[in-house]
Each structure stands twice: as structure tokens, then as C-alpha cells.
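Notes to accompany the following structure.
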Amino acid sequence: MKQLLLVLVTIMNGISRLDLKQLRILEALLQERNLSRVAEKVGLTQQAISEQLRKLREVFDDRLFIRQGNGMVPTPVAEQLGGRISSILKDIESLLTPITFDPATYKGIFSISATDYAIQSVLPQLLEVVCQSAPELKVIVRDFETDNLNQLMVAGEIDLALTFPDFIPDNLPYKLLFEEQHVCIAGKKSPLKGKSLTLADVAELPQLIISPSRANLRGSHDEWFAMQGLKRNIVMSVPCFSAAPDIIAATDTIAFYPSRLLPNKKVIPLNLETQTPKFEVIVAWHSRSNHSPLHMWVVEQLMKLFK
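Quick note: the sequence shown uses our numbering, first residue 683, plus one each step.
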């Protein structure tokens, strides 16, 4: 056991004294077998080549090359090292070769965190493109988690997020997909159908809000109403957009609902004298993925779909 440990220590000490430059010089010596030609080939002085050869002899505990006339003859140890060193250098060079990405043949898993809204308005078009262009790419869609988004992206558990700018940390890069606008809606049988409503009228009506990130009775348009000196009559909150039409149709409530999720056979748009402010829908990722061909390909497809 002690002998094995001694061998391992010796190997590790030798590896720690080797560098890439020395391996290239050893490979050149095996090819040229002449110090001056090697010096010219690698751009060093002959004295520097001799010094590196001295270090290599110490590492491998072998003379490696023996002078013969104007040339150098490799020892059996040097000849045995030759093929292995060339293979190592080729592997190292391959690390610097740009990774080619072909969606048609790429195999892997891609995780997307999306709000309920994005699942309905963005994902169907994106997944259609993925199925057609990258059939071997498997996609996992998970609920949007505002509080843990950055940590999940750093850990590689989430690759992209489809959401709104206010829902992501400031450090995440993102691109705008499109601008969206809320439409005020009511149940299909609502007596408000066809009426022209002021913001003051709307503020008094019982309202449902969709709050995917926080379970509370505060909505995204509260500040907008407050700027007009009004306070909304919010009476209920649900966590997802998909549940809203059924609840609105079964109650006397109204809601502000994204236009891209309409029409819906259970609700109708109401006529407001004032249009609601627009908001942005974005795709975000972590900077660790800035140079990932797969990530940038998915982002590019989204930009094409919603430009």
C-alpha cells in the first residue's frame, strides 16, 4: 500500500511540473529531432529549448533525447510518449474549437419557467417550432417562482423564464418579446355589456385580480387607479389566468385580462373610456448561458415568433 501511495505521489508531482508549452516542445523535438529547428518552430531561443528539455528529463526521469551529430535521437521512453502526447494536445486543441449546434440533431433537456399567462400565450407557438426543428430536444415547463428564480438559474435547473420585467432580478439579461394590454372583462351575461364605463364606474365594481406571484388582494393596476384618485373594489384573487373566466362567468365580478388570451366564450370585453397602460412580456436567462448555442437558439425562435 505504501509503495502504491509513493507511486501516486510521484505521478502527481510530475504532472504538477508539466505545462502545455513543454508538451509542445516535446512533440516538436520528436518531429524535428534538432534543437535549432525546434527553436525556430516554436519561436524560442535554442537556449530556452535546452532548458525546457532539462525540465522534461527531470519530470520523466529519462534522458529522452541523445545528441548524435547535429541531431537528437529519442530514447525508447520518448518514443513511447510521442503518440500519447500528440493525442493529448489534439484533445486540448479541440476544447478551443467552436461548438457546432444543429437543432435537428441536438439531444438534451431544456427547462422553462413560465407564468400562467406565458404558458397560454407564448409556449404553444414556441413548442410547435421546437417539435418541428429540434425533435430530440425534451422540454420541461415548470411554474414560475419569483423568489427562487436567480438561484434556480445559477444551479442550471431553469434555462429560460417567460414572464414580466417586474418579476425577475435586476441582474438577469432579457429581451422584449412584445407589449401587451389588459382588457376589462365581465361574464357573458353581464348587464354591463355595451355600456361605456368611466374609470370611476369600474373602480366601484367588484373585481377579481390574478396574482400569480403573491396571494393577496393587490393588483397590477392599483397604482394606475390611485393616480386618478380612485381605489379599486377588489373582492377576490386567484393565482392563475386560466381560472379567471370561469369564476367571472359565475359571479358578478369584472377583471382586467390580457388581450392575447381573448376571445374566450365565457366572458366579454367591456367598453372603457380610458385604455389601460401597456406592459411588457419578456424572455430572461442567466448570464452564465450568454454563449450557450442552445439557449440563444431558443431565444432567437421566440424573437422570430413575436417580432
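C-beta: ideal position from N, C-alpha, C; glycine also.
Remember, predicted model here, so these are calculated numbers, not experimental data.
Nearest candidate by alpha-carbon position, reference residue i, set the options
i      : options                           : result
VAL884 : ILE929, HIS973 and LYS913         : LYS913
GLU733 : ILE707, ASP934, ALA837 and GLU827 : ILE707
SER815 : SER795, ILE801, LEU808 and PRO785 : PRO785
GLN863 : HIS973, SER872, GLN704 and PRO959 : PRO959
PHE846 : ILE964, HIS968 and LEU808         : ILE964
LYS948 : THR933, PRO927 and PHE961         : PRO927
GLU962 : GLU861, ALA868, ALA897 and GLU709 : GLU861
LEU984 : MET754, ILE774, ARG824 and LEU808 : LEU808
MET754 : ALA760, GLN729 and ASN716         : ASN716
ILE929 : SER902, ASN946 and GLU905         : ASN946
LEU702 : PHE742, SER776, LEU771 and ASP743 : LEU771
LYS737 : GLN704, LEU987, ALA710 and GLY725 : GLN704
LYS875 : ILE767, GLU740, ASN953 and ARG766 : ASN953
SER878 : ALA710, GLN957 and MET835         : GLN957
ILE731 : ALA710, ASP743 and VAL821         : ALA710
TRP906 : ALA925, SER924, ALA882 and ARG896 : ALA882
ASP852 : SER974, LEU859, GLU886 and ASP829 : ASP829
HIS968 : LEU854, MET909 and PHE742         : LEU854
LEU887 : GLN910, ARG896, MET909 and THR933 : THR933
ARG749 : ALA897, LEU735 and GLY911         : LEU735
Beta-carbon contacts of residue i that lie in its chain and below 7 Å, excluding the five residues immediately before and after
i      : result
ILE850 : LEU831, ALA843, TYR856 and ALA966
LYS684 : Here the model assigns LYS684 a pLDDT of 42, short of 50, so the residue's position is not dependable and the matter cannot be decided.
THR880 : GLU955
LYS989 : none
LEU690 : In this prediction, LEU690 has a pLDDT of 30, which is less than 50 and means its spatial position is unreliable; what the coordinates show is noted afterwards. For LEU690, where only same-chain residues beyond five positions count, there are no Cβ hits under 7 Å.
GLN728 : LEU717, SER718 and ALA721
LEU712 : PRO756, ALA760 and GLY764
LYS870 : ALA931, LYS948, VAL949 and ILE950
ILE916 : GLN889, ILE891, LEU899 and GLY901
GLY751 : none
ILE767 : LEU705, LEU708 and GLU709
VAL823 : ILE794, ALA796, ILE801 and LEU805
CYS813 : none
ARG942 : SER803 and GLU862
LYS986 : none
ASP798 : PRO894, CYS922, PHE923 and SER924
Limits of the unbroken beta strand (DSSP E) element including residue i
i      : result
PHE747 : 747 to 750
GLU962 : 960 to 966
PRO637 : A query on residue 637 cannot be resolved here, the shown segment of the chain reaching from 683 to 989 and no further.
Limits of the alpha helix (DSSP H) - the one that residue i falls within
i      : result
GLU982 : 975 to 988
PRO653 : Since the first residue of the chain shown is 683 and the last is 989, residue 653 is not available in this structure.
Proximal residues to residue i (C-beta, below 8 Å), its chain only, five neighbours per side dropped
i      : result
GLU714 : VAL720 and LYS723
LEU944 : VAL865, ILE867 and PRO951
LEU687 : Because the pLDDT of LEU687 is 34, which lies under 50, any placement of that residue in the model is unreliable, and the question is left without a value.
TYR788 : ALA816, GLU818, LEU819 and LEU976
ARG739 : ARG745 and LEU746
PHE783 : PRO975, LEU976 and TRP979
is_contact[residue i, chain C] using C-beta, thresh 8 Å
i      : result
ASP784 : Of the protein chains in this structure there is only one, and it is not chain C.
Nonlocal neighbours in the same chain, by C-beta distance under 6 Å from residue i, ignoring five residues either side
i      : result
ARG970 : none
ASN972 : none
- Message: What ranges does the alpha helix (DSSP H) occupy inside the segment 851 to 922, keeping only unbroken runs of at least 4 residues that lie completely in it?
- Response: 881 to 886 and 904 to 909
- Could you give the uninterrupted runs of the beta strand (DSSP E) lying entirely in the segment 791 to 861, keeping only those of 3 residues or more? 819 to 825 and 842 to 845
- Task: Could you say if the segment 788 to 800 and the segment 962 to 981 meet the contact criterion of at least three C-beta pairs nearer than 8 Å?
- Result: The segment 788 to 800 makes contact with the segment 962 to 981; the number of CB pairs closer than 8 Å reaches 3 or more.
- Item | Touching by the beta-carbon criterion (3+ pairs, under 8 Å), the segment 876 to 891 and the segment 920 to 938 | yes
- What are the start and end residues of each continuous alpha helix (DSSP H) run of 4 or more residues lying completely inside the segment 705 to 792, in chain order? 717 to 724, 728 to 742 and 758 to 777
- Message: Taking contact to mean 3 or more Cβ pairs, one atom from each stretch, closer than 8 Å, check whether the segment 932 to 945 and the segment 823 to 841 are in contact.
- Response: Result no; under three Cβ-Cβ pairs closer than 8 Å.
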